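Written below as C-alpha cells is the structure these notes are about.
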Amino acid sequence: MIVPPAFVARAQALREEIAYHNYRYYVLDDPAVPDSEYDRLFRELQDLEARFPSLATPDSPTQRIGALPLTQFAAVTHLTPMLSLNNAFDEDEVQAFDRRIREATGLASVAYAGELKFDGLAINLTYRDGILVQGATRGDGFTGEDVTQNLRTVHAIPLRLAGEDCPRLIEVRGEVIMPKAELERLNRAQTARGEREFANPRNAAAGSLRQLDSRITAARRLTFFAYGVGRIEGRALPARQTDILDYLETLRFQVSEERRLVHGVEGLLGYFQAIGSKRASLPYEIDGVVYKVNEVKYHEALGYVARAPRFAIAHKFPAEEAVTQLVDIAVQVGRTGALTPVARLKPVLVGGVTVTNATLHNEDEIRRKDILINDFVVVRRAGDVIPEVVGVVADRRPRDARAFAMPTLCPVCGSRVVRLSDEAVARCTGGLYCPAQRKQAILHFASRRAMDIDGLGERLVDQLVDRGLVKTPAELYQLDAQSLARLERMAQKSASNVVQAIQSSKATTLGRFIYALGIRNVGEATAKALALHFGDLDALIKASEASLAEIPDIGPVVAQSIAQFFAEMHNREVIAALRRAGVHWEPVAAGAAHGRASASGKTFVLTGTLPHLTREEAKARIEAAGARVSGSVSARTDFVVAGIEPGSKYDKARELGVTILDERQLLEWLEGIERSD
DNA sequence: GATCCTCGAGTTCT
DNA sequence: CTCGAGGATC
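Per this note's numbering, the very first residue in the first sequence carries number 630; after that it's consecutive.
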C-alpha cells in the first residue's frame, strides 16, 4: 500500500513530538503538556499506524504498550562483556583501593566519578544509527537474554537517540529499577490477587523484565538509569567518566542527579556519607555507591582481575539491620545429637527477606550476647544470606523477659542431655533411638554428596520415620510406590520417582558409601581418603583403632570415632542389610591415593558462581587433573578461582597475594595439564 | 605448647 | 558461609 507523503510526514512529526513529551515526563519529571494533550497525540499516531501499518516503525512510541507473548527469550552475546564490580565494605578497603590506583597511575590525588549503585537489574541497550535494536540482561556477563520487547515498554529508555551526531553503534549500560512507590503498589495488587509479594525491588524488576508477555511488563512502571557505555563506533568516547554521563544525558537518557566528581579518598568517603544520609529519601532503593577513576585513559592500563575492572569499586552500605522481638528459643536436634538453640522471631523484613528464625549456635553464645526470651534484638543478614542475632536492645528489655535454659532431657526423645566439659555443644544421648537423630541420619544418607537420592526430603523422611516405615537407611530399599503413595503430599507419580531414585542409588562409590554412613568426624574428604587407603569396606571394618590412627590426616579422635562405629553390632547389621539390598560399588585399587605421577600438587580454592561450570564440575575436573580443591584460602593455596560475586575468600586471596583465575583461565590451565598427561 | 591449616557440622529462605 | 575443633608442623 502506498502511503500518501503527507501522512508519512505527519507520522514522523507525531513520533518526534510524543518522544519529546515522553522524555519531559519520564526522564525530566517536568511535563510540557497536560496528559490529555499527550493522549490526543498518541491516539492520532495510533490511528495513522492502524490505517497504514508500514508507518509503525520500531522506534514508534506506540511500540511501548507491549506486544504479543513470546515463547522464550533468545540468548544474546554482548559485544563487550558486562563486568562485575569488586566490593568494599569499609573505609580500609576504600583506602586500599585509592592507594592501588595512586601507585598504578603515579598520581598524587585521583579524580573519581561517584555514582549510585542501584538495586535493580543491569541491562545492555544496543543502538544502531540511533535506533534501539536490542536490549539484553547482563546474564553471566558474556551472554544474556534478549528482552528487547519488554524494555521498549520502559518509558525512560529512548527508542531513538536525540542529537545530530549519534554514533553508528553504541552499547549503553545501565540499570532497570522499580521505584519504591511502584513496588508498594505492585505488592498491594499482588496481595489482592492472592499472589506472592516481591521481596525487594531487584526481584520485582527482574520478574517484570522476564515476562514473556510484554503487556505485563508495560503495566509495571519500571524506569532506567544509564551509567556507562560498552562498545561505541562512529564517534569517540568522551575522555572522562563524568563527560560520558553528560553525553548520555544529551542522548536523552536518564542519568542520576546524585553523581559527583570527587577527589582523593576524602572525597570518596564524603560522597559515601552524603549519599548514605540521603538514602531513605530517594524514591528508589540503592545498595551502595560506585567509584570510577574519572580519566578513561587509565582504565585499560589498570587492567582487570577475574572479570572485575581495577578502575572501579562498589562501596556497599553495611548489611541492613532490623529490630524485632525474640518470642521464643526453640531447640533443634541435629544428626550428631547436637542441641542447637534457634531464635523464633516476630517476622521482620531484613534486606528484602522476611526473617522468622535465626540460629543462636549454643548456650555460651546466648550468654555472651545476654539474650533473654522476649527481648528486642537486632537482626542482620550475615554474608548477605544467613540471618544472625547481633545483640539485644538493652533499654527495651520487657518485664517478662526470662532466661533460656538448655533442657536436661532431649525435647524429641526424652533421653538425657550431656555437655562435655571441653565442648560448646550439648548433645542428646539417645543416639539412633532418638527420632530426630534417625531422621537426620537418613537425610544425610540420601543427601546429594552421599547416596544422592533425589526427592527424599525432610517432609517425606518425617513421615516415614514417624509411621515406623523406615528405621534404618537399609529399609529405604524395601519401599514400594504403593505404600509411599498413601502418604501426605505424595502422588502416584512422585512416589514412583522416589522409588526409582532409591533403586538407582544402589550403584555408588565406596567413598560416597562411607560418607553416607554418617560416622562422627568423618566427612566427605576423610571418607574418600579411607576408601582409597583400604580399597574395600571389609578391610576398613576390620581395621584396629591403632592402625587407623596411622593413616595421614587421621588422628586419635577420628580413629576412635571410626573404630567405635564399626564395633557397634547394629551398624554392622545395617551395612550387611544394605549390601543384601544390592548397594554396590566399583572396586578401588588399594593405595591409589599415592598414585598419579602427573599430580601437579597444586591447591585450588573456589569462590563465587562460575558462569558455565557448576562447583562440583569444576572440583571434579581439578581433582581429575591431579590437583586439590580446598575450602579455605591460606598461604599454601596456589590458585583461587573467582566466579560472579565472589565471597570473602576472594578478598583473602588478594590480601595474601594468591593468583586469582577466572573460569576461562581455569579451563586453559586444565587443558594444559590434560595435554601434558 | 603454639600456630597454622583443613575438615566437619550446622544453618536460612526461596 | 562461619565457627569450632582435629591434625600436622615447628
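Beta carbons: idealized from backbone N, C-alpha and C, even for Gly. Here the structure is a predicted model, which means the values were calculated and not measured.
Span of the alpha helix (DSSP H) holding R817? First-last of the alpha helix (DSSP H) with R817: 809-821.
Taking Cβ positions, are R881 and L790 nearer each other than 9 Å? In contact: R881 and L790 (Cβ atoms closer than 9 Å).
Is it buried or exposed for T852, if we count other Cβ within 10 angstroms and need 16 for buried? A residue is called buried when at least 16 other Cβ atoms come within 10 angstroms of its Cβ; T852 meets this threshold and is buried.
Under the DSSP definition of a beta bridge, which residues are partnered with C1057? Paired residues: V1046.
Does M1281 come out as helix, strand or coil in the three-state DSSP assignment? Looking at the sequence shown, residue 1281 is not Met but Lys. DSSP, reduced to helix, strand and coil, places K1281 within a helical segment of the structure shown.
Take the Cβ of V1234 as the centre, count every other Cβ of all protein chains shown within 10 Å, and call the residue buried at 16 or more, exposed below. Buried.
Less than 8 Å between the CB atoms is what I'm expecting for Q870 and N923, so what's the real figure, rounded? About 5 Å; that satisfies the 8 Å criterion.
Given that a residue counts as buried once 16 or more other Cβ atoms are within 10 Å of its Cβ, and exposed if not, what is A1032? With a threshold of 16 other beta carbon atoms within 10 Å, A1032 falls short and is exposed.
Using the DSSP secondary-structure output, state which residues sit across from F853 in a beta bridge. Per DSSP, V805.
Between D727 and G893, how many whole angstroms is the CB-CB distance? I'm expecting something under 8 Å. So it is a contact: roughly 7 Å between Cβ atoms.
Count the C-beta pairs between the region 636-648 and the region 657-677 that are closer than 8 Å, then say yes if the count reaches three, no if not. Yes, the region 636-648 is in contact with the region 657-677.
DSSP has A945 in a bridge; who is on the other side? For the sequence presented, residue 945 should be read as Lys rather than Ala. The secondary-structure analysis by DSSP pairs K945 across a beta bridge with G917.
So, under 8 Å CB-CB, K998 and E914 are touching, yes? Tell me the CB distance rounded to an integer number of Å. Between the beta-carbon of K998 and that of E914 there is about 30 Å, and that puts the pair past the 8 Å contact cut.
Straight-line gap, S1044 to T1037 (C-alpha atoms, nearest Å): If I take the Cα positions, the gap works out to 9 Å.
Relative to the C-alpha of L1242, which candidate in G1260, K1281, R1293 has its C-alpha closest? By alpha-carbon distance to L1242, the top candidate from G1260, K1281, R1293 is R1293.
Do you know how far the Cα of E1284 is from the Cα of A1271? Annotation: A1271 to E1284 spans about 14 Å, alpha carbon to alpha carbon.
Could you check the C-alpha separation between H1223 and F1194 for me, to the nearest Å? In this prediction, H1223 scores a pLDDT of 39, lower than 50, which makes its location untrustworthy; no coordinate-derived value is stated.
By alpha-carbon positions, which one of D668, Y655, H650, R669 ends up nearest to A661? The residue from D668, Y655, H650, R669 with its alpha-carbon nearest to that of A661 is H650.
Could you pull out every residue in the same chain whose Cβ sits closer than 7 Å to the Cβ of D1081, ignoring the five residues on either side in sequence? Apart from the 5 residues on each side of it in sequence, D1081 sits with its Cβ closer than 7 Å to the Cβ of S1134 in its chain, given in chain order.
Give me whichever residues DSSP pairs with T1288 in a beta bridge. Per DSSP, F1268.
Whole-Å CB distance - E1245 paired with T1138, under 8 Å assumed: Going by Cβ atoms, the distance from E1245 to T1138 rounds to 14 Å, so no, they are not a contact pair.
Measuring straight from C-alpha to C-alpha, what distance separates L1116 and L1085? Cα-Cα distance, rounded: 13 Å.
Do you know whose CA, among D842, C1063, T1058, lies nearest D1091's CA? Taking only the C-alpha atoms, the option nearest D1091 is C1063.
Which listed residue (Y654, I730, L1161, L1299) has its alpha carbon closest to that of G932: Comparing Cα-Cα distances from G932 to each of Y654, I730, L1161, L1299, the minimum goes to I730.
Starting from the N-terminal side, write out each stretch of the alpha helix (DSSP H) that is 4 residues or longer and does not extend beyond the region 958-1042. The region 958-1042 contains, as complete alpha helix (DSSP H) runs of 4+ residues, the segments 992-997 (chain order).
DSSP state of K1135 mapped onto helix, strand, coil: Judged by DSSP in its simplified three-state form, K1135 adopts coil rather than helix or strand.
Segments of 3+ residues assigned as beta strand (DSSP E) that fall wholly inside the region 710-771: You should have 740-747, 750-757, 760-766.
I'd like the span of the beta strand (DSSP E) that includes H892, first residue to last. 889-892 is the span of the beta strand (DSSP E), which, as asked, contains H892.
In the DSSP assignment, find the alpha helix (DSSP H) that holds V1203 and state where it starts and stops. It spans 1198-1209 - the alpha helix (DSSP H) in which V1203 sits, taken as one unbroken run.
Give the C-beta separation of G803 and F854 to the nearest angstrom, bearing in mind that I take them to be a contact with Cβ-Cβ under 8 Å. The pair is a contact, with the Cβ atoms about 5 Å apart (cut-off 8 Å).
Apart from the five residues on each side of it in sequence, which residues of its chain come closer than 8 Å, Cβ to Cβ, to T709? Taken in chain order, the residues that qualify are E800, G859, R860.
Got a sec, what are the start and stop residues for the beta strand (DSSP E) R1257 sits in? Run containing R1257: 1257-1259, per the beta strand (DSSP E) assignment.
In this structure, what does DSSP give as the bridge partners for T691? None, per the DSSP bridge assignment.
Which residue's Cα is closest to the Cα of K945: L714, V776, A1055, A1030? With distances taken between Cα atoms, K945 lies closest to L714.
Can you find the residues in the same chain that come closer than 8 Å, C-beta to C-beta, to E862, ignoring five residues on each side of it along the sequence? Correct list, in chain order: P796, R797, L798, I799.
Kindly indicate the opening and closing residues of the alpha helix (DSSP H) around F1233. Looking at the DSSP string, F1233 is not in any alpha helix (DSSP H); the run it does join, the beta strand (DSSP E), is 1232-1236.
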